[in-house]
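Residue numbers (my numbering): 1 to 640.
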């Protein structure tokens, strides 16, 4: 059968179809952050205009922890004391507007207290030095996270807590917090996307599939409702009983259940109040006792009044209050609703538009931003151009009352009240945000990073590549798609779902390919032109008939061989395997090369009926007598 070989251009198209880029998906993560801390109390004497400098501690909790800053809490009111730092810091004020705490970032090597008064001031402060260790766990449905406190042997004087966070946009939620034996844990705070643990022990946190939350949302409190639970009874309230405004969704309830009783001293009241629901965060659960007595012995102190109460935030569409108390239990509950905010994400800010309609039907309404670790909120500007910066838990004078706003010390969260009662401010709120780039390391599976790469982000973000590291300058809290090419060839399609500081390593197989070209008698064929179709690699064989291509991307290709512009041969090439060097032998029908002209089996058979010296000479003579090379190539077809 007589066959003509595929043109080189067509071979390349076939090779591109075979050498497809790999798909790499980095799933949503749970961030487990261990916080080791040490607290000291200082009494500082400051003269007029005097200063006192606070620096990070010399003692650390050990390897694995990184210094994350300090919290300076004032144990009194000191109006004349100002604070300065050579790095990031955020201030918190009490209800009277006096400085209460300062949160200092890890970039500040010193913090200075300054006395602006003309008199001496004795300042008592409590300093908490903080160190963090982050772990990232990929999530899937029914993932169980294990957290142990303390996480190791901490030096004396150090305490430890842990916080588990899930990206708000992730389709996962916290389902339960349990002890190792499966019984419910009690000492924790919880939300659908966050768990905070402060007591020593081992915890199992179950993460299941659930609804994502928008990273920018409006949260509204509806009017409070009241109910009564009889002795040894229970009350269930469901979302169907709540008039949720159109366009809003029920987030949950704030529930306050309480009862009072008077008993003889030594006879404490029996029973308890419990609140259950979808996901319950117990804010407080306590019993207060008061002995009743007159100023004289007229009424002996034989009675004590007891107030038992439980305060909880219940996330979900219903809650139940169960009482085993002998007295009725009063219940106050407040429905909380939310909806996605109208937000525009820009490289350095988020613009949140609040309309007049958004401010209806609520006791208060706030904007809430919950952003991933790569984002740091630095300031909030209101429609009236008031700017809130370096401020955590502040109260501002607003319409005869106060307006609450806060930027978390780490900058990942912020809120500002936009409506409270009859006071409201619709319009566009500007949240200035510093984003750290998302980094992806492109590594060779045989070791080292990969050069000669380019990358583009599907979302249109700016992308920089240096020393095998792809930096994507994200500014939206959503999964990122990145296309990576190696030497111009598509190498990897990457999806990163959590925008955090976890390691994102894409492994490519970069091989050395040795192509050996031989003739019909297995003799080496020198000066053969060799190309890997679909990849930018071409060269000429040496006297041993071989050519080496370094840095070939893993995949399936076609090797094209051209000898003397009249013999064209192809072979399949699978660039893969455990060895970094791949060798392929390409066999041609060449029996000899005379005066640079390849002679094939077909040539000798047509000229002299076989492969012999006379046949080779006759074939060469006939070839050289042709008037054009095209006629020679047309005459000699390869037989397969």
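A virtual CB, placed ideally from N, CA and C, is assigned to each residue, including glycine.
None of the values given here were measured: they were computed from a predicted structure.
Hey, out of the options, whose CA is closest to residue i's CA?
{"i": "residue 182", "options": "191, 193, 166 and 204", "result": "204"}
{"i": "residue 350", "options": "413, 518 and 561", "result": "413"}
{"i": "residue 165", "options": "196, 177, 149 and 176", "result": "196"}
{"i": "residue 362", "options": "418, 353 and 383", "result": "418"}
{"i": "residue 184", "options": "71, 516, 423 and 276", "result": "276"}
{"i": "residue 498", "options": "492, 517, 437 and 532", "result": "437"}
{"i": "residue 80", "options": "200, 50, 135 and 510", "result": "50"}
{"i": "residue 306", "options": "239, 258, 461 and 117", "result": "258"}
{"i": "residue 22", "options": "317, 555, 520 and 574", "result": "555"}
{"i": "residue 553", "options": "573, 491 and 326", "result": "491"}
{"i": "residue 28", "options": "209, 179, 600 and 395", "result": "209"}
{"i": "residue 482", "options": "548, 379 and 463", "result": "463"}
{"i": "residue 291", "options": "313, 266 and 285", "result": "266"}
{"i": "residue 304", "options": "288, 249, 99 and 416", "result": "288"}
{"i": "residue 367", "options": "382, 118 and 46", "result": "382"}
{"i": "residue 100", "options": "395, 302, 301 and 212", "result": "395"}
{"i": "residue 128", "options": "301, 57, 226 and 410", "result": "57"}
{"i": "residue 369", "options": "529, 484, 543 and 214", "result": "214"}
{"i": "residue 451", "options": "509, 460 and 241", "result": "509"}
{"i": "residue 426", "options": "416, 433 and 434", "result": "416"}
{"i": "residue 487", "options": "346, 46, 468 and 161", "result": "468"}
{"i": "residue 598", "options": "572, 559, 523 and 557", "result": "523"}
Residue i by DSSP, collapsed to three states: which one?
{"i": "residue 198", "result": "coil"}
{"i": "residue 580", "result": "coil"}
{"i": "residue 357", "result": "helix"}
{"i": "residue 601", "result": "helix"}
{"i": "residue 221", "result": "strand"}
{"i": "residue 239", "result": "helix"}
{"i": "residue 610", "result": "In this prediction, residue 610 has a pLDDT of 49, which is less than 50 and means its spatial position is unreliable; nothing more can be read from the coordinates."}
{"i": "residue 13", "result": "With a pLDDT of 34 at residue 13, under the threshold of 50, the modelled position of that residue is not reliable, and no figure is offered here."}
{"i": "residue 81", "result": "strand"}
{"i": "residue 641", "result": "Nothing about residue 641 can be read from this structure; the chain reaches only from 1 to 640."}
{"i": "residue 112", "result": "strand"}
{"i": "residue 504", "result": "coil"}
{"i": "residue 333", "result": "strand"}
{"i": "residue 349", "result": "strand"}
{"i": "residue 119", "result": "coil"}
{"i": "residue 29", "result": "strand"}
{"i": "residue 568", "result": "strand"}
{"i": "residue 230", "result": "coil"}
{"i": "residue 649", "result": "Residue 649 falls outside the range modelled here, since the chain spans only 1 to 640, and no answer is possible."}
{"i": "residue 98", "result": "coil"}
{"i": "residue 525", "result": "coil"}
{"i": "residue 390", "result": "coil"}
CB residue i to CB residue j, shorter than 9 Å?
{"i": "residue 244", "j": "residue 333", "result": "no"}
{"i": "residue 158", "j": "residue 67", "result": "no"}
{"i": "residue 111", "j": "residue 84", "result": "yes"}
{"i": "residue 143", "j": "residue 20", "result": "no"}
{"i": "residue 603", "j": "residue 591", "result": "yes"}
{"i": "residue 535", "j": "residue 489", "result": "yes"}
{"i": "residue 206", "j": "residue 175", "result": "yes"}
{"i": "residue 341", "j": "residue 154", "result": "no"}
{"i": "residue 600", "j": "residue 575", "result": "no"}
{"i": "residue 561", "j": "residue 588", "result": "yes"}
{"i": "residue 699", "j": "residue 314", "result": "Residue 699 lies beyond the range of the chain shown here (1 to 640); nothing can be said about it."}
{"i": "residue 659", "j": "residue 551", "result": "Nothing about residue 659 can be read from this structure; the chain reaches only from 1 to 640."}
{"i": "residue 569", "j": "residue 563", "result": "yes"}
{"i": "residue 354", "j": "residue 429", "result": "yes"}
{"i": "residue 513", "j": "residue 545", "result": "no"}
{"i": "residue 286", "j": "residue 308", "result": "yes"}
{"i": "residue 255", "j": "residue 331", "result": "yes"}
{"i": "residue 420", "j": "residue 399", "result": "yes"}
Are there any heavy atoms of the ligand SAM lying less than 8 Å away from the beta-carbon of residue i, as far as the coordinates show?
{"i": "residue 197", "result": "Questions concerning the ligand SAM fall outside what the structure shown contains, since it holds no ligand whatsoever."}
Shorter than 9 Å from the beta carbon of residue i to some beta carbon of chain C?
{"i": "residue 526", "result": "Note that chain C does not occur in the displayed structure, where there is just one protein chain."}
Cβ pair count under 8 Å reaching 3, the segment 276-283 against the segment 188-198: Output reads yes: the segment 188-198 touches the segment 276-283.
Complete runs of the beta strand (DSSP E) confined to the segment 267-296 [at least 3 residues]: The DSSP assignment places complete beta strand (DSSP E) segments of no fewer than 3 residues inside the segment 267-296 at 273-292, in order along the chain.
At least three beta-carbon pairs within less than 8 Å, the segment 108-125 to the segment 68-76: Per the Cβ contact rule, the segment 108-125 is in contact with the segment 68-76 (3 or more Cβ pairs under 8 Å).
Touch test, the segment 395-403 against the segment 499-517, Cβ-Cβ under 8 Å, three pairs minimum: Flag = no, the segment 395-403 and the segment 499-517 do not touch.
Entirely enclosed beta strand (DSSP E) segments - the segment 393-471, minimum 3 residues: When DSSP assignments are scanned along the segment 393-471, the uninterrupted stretches of beta strand (DSSP E) that are 3 or more residues long and fall wholly within it turn out to be 394-398, 401-407, 413-420, 427-435, 438-444, 453-457 and 463-466.
The segment 84-93 in contact with the segment 145-158 per 3-pair CB rule at 8 Å: At 8 Å Cβ cutoff, the stretches do not touch.
Contact between the segment 326-344 and the segment 222-232 (3+ Cβ pairs under 8 Å): The segment 326-344 is in contact with the segment 222-232.
Runs of beta strand (DSSP E) lying entirely within the segment 127-214, each at least 3 residues, in chain order: Counting whole runs of 3 or more residues, the segment 127-214 contains the beta strand (DSSP E) stretches 143-149, 159-166, 172-178, 188-190, 194-197 and 201-209.
Cβ contact check for the segment 442-456 and the segment 465-476: 3 or more pairs under 8 Å: Taking 8 Å as the limit for Cβ pairs, the verdict is that the segment 465-476 does touch the segment 442-456.
The segment 381-394 in contact with the segment 439-454 per 3-pair CB rule at 8 Å: Touching, no.
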